[in-house]
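Number of protein chains: 2
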Amino acid sequence: MAPERPLPPMLERMWGRERAPRRGPRPRLDLATITAAAIEIADAEGLAGVSMGGVASRVGVAATALYRYVGSKEDLLTSMADAVALDPPEPGGMPWRDYAALWTRAQRDLVLAHPWVLEVTKYAPPLGPRRLLWLDRLLAALAGTGLDDGEKINVASTLTGYALTDAALAHAAGMGFEEHAGAGLEGAADYGELLAEVLDPERYPALSAAVHGGVFRGAEGWADDADFRFGLDLMLDGVEQLIARRTSKGRFGG
Amino acid sequence: MAPERPLPPMLERMWGRERAPRRGPRPRLDLATITAAAIEIADAEGLAGVSMGGVASRVGVAATALYRYVGSKEDLLTSMADAVALDPPEPGGMPWRDYAALWTRAQRDLVLAHPWVLEVTKYAPPLGPRRLLWLDRLLAALAGTGLDDGEKINVASTLTGYALTDAALAHAAGMGFEEHAGAGLEGAADYGELLAEVLDPERYPALSAAVHGGVFRGAEGWADDADFRFGLDLMLDGVEQLIARRTSKGRFGG
DNA sequence: ACCTGAACACCGTTCAAGT
DNA sequence: ACCTGAACACCGTTCAAGT
Chain A
1 MAPERPLPPM LERMWGRERA PRRGPRPRLD LATITAAAIE IADAEGLAGV
51 SMGGVASRVG VAATALYRYV GSKEDLLTSM ADAVALDPPE PGGMPWRDYA
101 ALWTRAQRDL VLAHPWVLEV TKYAPPLGPR RLLWLDRLLA ALAGTGLDDG
151 EKINVASTLT GYALTDAALA HAAGMGFEEH AGAGLEGAAD YGELLAEVLD
201 PERYPALSAA VHGGVFRGAE GWADDADFRF GLDLMLDGVE QLIARRTSKG
251 RFGG
Chain B
1 MAPERPLPPM LERMWGRERA PRRGPRPRLD LATITAAAIE IADAEGLAGV
51 SMGGVASRVG VAATALYRYV GSKEDLLTSM ADAVALDPPE PGGMPWRDYA
101 ALWTRAQRDL VLAHPWVLEV TKYAPPLGPR RLLWLDRLLA ALAGTGLDDG
151 EKINVASTLT GYALTDAALA HAAGMGFEEH AGAGLEGAAD YGELLAEVLD
201 PERYPALSAA VHGGVFRGAE GWADDADFRF GLDLMLDGVE QLIARRTSKG
251 RFGG
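From first to last, the protein sequence lines stand for chains A and B. For what it's worth, this note's numbering labels the leading residue of the first sequence as 1, then goes sequentially. For what it's worth, this note's numbering labels the leading residue of the second sequence as 1, then goes sequentially.
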């Protein structure tokens, strides 16, 4: 009803709703510029390389000037996580299952291209313009399925979670276990070898058997693209079954 | 073959394999004590409250003494993430689906009890004794299903990812959007209200419709226990279908 | 061999002062 | 109104010195 409710300042800026300032010098920056600079640093040096001072000097300003545009470093990270998302693929007339697969894969690829997203994502519900656009498009693709809105939202968050988890695994596997989560694994050989070294077969019978059977000795490693499709199909099968249940009960119109 | 390969020092300590020191004063601490102190702080004040100095003073030692037991703060966080896991439920003779549901729910509850786990989990493959025990028990529960080891591992990581994602969502919903990811949402009312305020129905048609339809006006909120079961069943249905496929092809023995 | 204390380099954030 | 520069409180980590 009330159309002009005051939003939190950070949201105002993320949605480009800053009220034009009356007098004084014009601002030299905006949130988008600052965010883009921070993303460049994170892509090049990882999230640890992102400091307020570093971002500031990249946009040619004193560190403290950033606080005109950003409430805190946390704010900046939130903005980065939204801005790094490209536009979602368009559903067109695609069958829901094809689109959902495409949509999930695109999210996975995004994270693989910007691994620092894994450290930034606090799993907070999306509030930025790009992330919400992604959500909108999946809802649209599920329009003809007979699922209700709540179920659609649940499907979306389940798929997003899967994309994140799988990307994290693939990322970890690609690191060769040298730089692992700070666990001090410099030069450690292979995941499977480490497990074989460390596991007591009496206390870890099933896992030991799997390790000695060679589960972790795959060609490309154990988190390759086939693994991604495996889990994805598994979930989409579940969704499909749910849709079939809904449809057979005759809930078509709404 | 070579039984005494030198593991990274942090792993040695996590697995209690520290070689007994020859001479000099006996150590006053060990990794478990330090880790427990850090966990207590994180539970009470959040992860931001965990500093090397704080942990040190809690165990009665100078900050710099911790570096006898821990290579870095990252090491300590890794140890915390493993140590916080309780023992997994025992499969007994339970049907695989019941156990998988129990196992996933227990992981979700663990994260809800220690929300800082979400910030610490870099999604690195597990290497600690507790996390690997969890993995072992799920593999054991899936023993009779005809899935191969790789598939079982994939099921495990998919379910773990779901537990994390869902816990994060439930945690976020429980926060009432006051302290959200630093997005500056102090005093912001309701998630649905915020979306209604911010979304342009032309650019976000499907999502706008859902919002105005009241998806985010659930009784308990939109990330309650029913939602958890919804997604879980969805995935277990997928697993069940896969198992059915495997079984019907006659791959029983191995 | 373990622990301390001083020291280093760095960080996010504040605030008063300039324009 | 925007930006600067000095300053503050706090970090993780090192290193030489004690016992």
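Heads up, the beta-carbon is just placed ideally off N, CA and C, and yes, glycines get one too. Keep in mind the model is a prediction, meaning the values are calculated, not measured.
First and last residue of the uninterrupted alpha helix (DSSP H) at A/G213: P205 to G213 is the span of the alpha helix (DSSP H), which, as asked, contains A/G213.
Beta-carbon spacing of B/V59, B/I34 below 9 Å: Note that the C-beta distance between B/V59 and B/I34 is below 9 Å.
Three-state secondary structure assigned by DSSP to B/F177: For B/F177, the predicted model reports a pLDDT of 47, less than 50, meaning its position is unreliable and no value from the coordinates is stated.
For A/A83 and A/R28, believed in contact at Cβ under 8 Å, the rounded distance: Going by Cβ atoms, the distance from A/R28 to A/A83 rounds to 19 Å, so no, they are not a contact pair.
Contacts that A/A191 makes with chain B (C-beta to C-beta distance below 9 Å): For clarity, residue 191 of chain A is Tyr in the given sequence; the question names Ala instead. Within chain B, the residues near A/Y191 are P125 and L127.
Sub-9 Å separation of B/E90 and B/R17 beta-carbons: Their beta carbons are not under 9 Å apart, which means B/E90 does not touch B/R17 by this criterion.
Cβ contact (3+ pairs, closer than 8 Å) linking the stretch 55-71 of chain B and the stretch 91-105 of chain B: With a cut-off of 8 Å, the stretch 91-105 of chain B and the stretch 55-71 of chain B do not count as touching, because too few Cβ pairs lie within range.
Contact between the stretch 111-122 of chain B and the stretch 203-220 of chain B (3+ Cβ pairs under 8 Å): Flag = no, the stretch 111-122 of chain B and the stretch 203-220 of chain B do not touch.
Residue interval of the alpha helix (DSSP H) (run including B/W96): Residues W96 to A113.
Cross-chain neighbours of B/T158 in chain A, by beta carbon under 9 Å: Under the 9 Å cutoff, chain A gives Y162, T165, D166, F230, G231, L234 and M235.
8 Å Cβ cut-off: residues of chain A touching B/A140: Residues of chain A with a Cβ closer than 8 Å to the Cβ of B/A140 are, in chain order, P205 and A206.
A/L7 (DSSP reduced to helix, strand or coil): The answer is coil: DSSP assigns A/L7 none of H, G, I, E or B.
Chain-ordered chain B contacts of A/E119 [CB-CB under 8 Å]: In chain order: K122.
Cutoff 6 Å; reference A/V55; Cβ partners in own chain excluding five residues on either side: If the five residues before and after A/V55 are omitted, its C-beta is found closer than 6 Å to the C-beta atoms of A37 and A38, all from its own chain and listed in chain order.
Classification of A/D237 by the beta-carbon crowding that lies within 10 angstroms, buried from 16 upward: A/D237 comes out buried.
Meets three-Cβ-pair contact criterion under 8 Å: the stretch 148-167 of chain B and the stretch 155-167 of chain A: Short answer: they touch.
Short Cβ contact (9 Å threshold) for A/L232 with A/A170: Going by C-beta atoms, A/L232 is not nearer than 9 Å to A/A170.
Residues near A/L139 by beta carbon distance below 8 Å, same chain, minus five either side: Its chain contains D149, K152, I153 and A156 as the residues whose beta carbon lies nearer than 8 Å to that of A/L139, once the 5 sequence neighbours on both sides are disregarded; these appear in chain order.
Spatial distance of B/Q107 from B/W15 (CA atoms): Computed Cα separation, rounded: 22 Å.
Alpha-carbon spacing of B/A32 relative to A/G128, whole angstroms: If I take the Cα positions, the gap works out to 41 Å.
9 Å Cβ cutoff met for B/W103 and B/P115: No, the Cβ-Cβ distance between B/W103 and B/P115 is not below 9 Å.
Chain B contact residues for A/M172, given Cβ-Cβ distances below 7 Å: Inspection of the sequence shows that residue 172 of chain A is occupied by Ala rather than by Met. At a beta-carbon threshold of 7 Å, the residues of chain B lying near A/A172 are Y123, A124 and P125, ordered along the chain.
Environment of B/T64 [buried if 16+ CB atoms lie within 10 Å]: It is exposed - the Cβ of B/T64 has fewer than 16 other Cβ atoms within 10 Å.
Assigned secondary structure, A/Y67 (DSSP; H/G/I helix, E/B strand, else coil): Note: A/Y67 maps to helix in three-state DSSP.
Coarse secondary structure for B/W28, derived from DSSP in three states: In the sequence on display, residue 28 of chain B carries Arg and not Trp. In the structure shown, B/R28 sits in coil (DSSP, three-state: anything other than H, G, I, E or B).
With 16 other Cβ atoms within 10 Å as the buried cut-off, status of B/S208: So B/S208 counts as buried.
Chain-ordered neighbours of A/A210 on chain B, where CB pairs are closer than 8 Å: Within 8 Å Cβ-Cβ: L139, D149, K152 and I153.
Cross-chain neighbours of B/L133 in chain A, by beta carbon under 9 Å: Going along chain A in sequence order, the residues near B/L133 (Cβ under 9 Å) are R203, Y204 and L207.
Per-residue burial, A/D227 [other beta carbons within 10 Å of its own, 16 or more giving buried]: Counting Cβ neighbours within 10 Å, A/D227 comes out buried, since at least 16 surround it.
Beta-carbon proximity check, B/L7 vs A/E197, cutoff 9 Å: Yes; because the gap between Cβ atoms is below 9 Å, this pair is in contact.
Extent of the continuous alpha helix (DSSP H) to which B/W134 belongs: Boundaries of the alpha helix (DSSP H) around B/W134: P129 to A141.
Where the alpha helix (DSSP H) through B/T247 begins and ends: First-last of the alpha helix (DSSP H) with B/T247: D225 to S248.
Whether B/L66 touches B/L76 by CB criterion (9 Å): Contact: yes.
Beta-carbon spacing of A/L147, A/I243 below 9 Å: When the beta-carbon positions are compared, A/L147 and A/I243 come within less than 9 Å of each other.
Chain-ordered chain B contacts of A/A143 [CB-CB under 9 Å]: Neighbours of A/A143 on chain B, chain order: A206.
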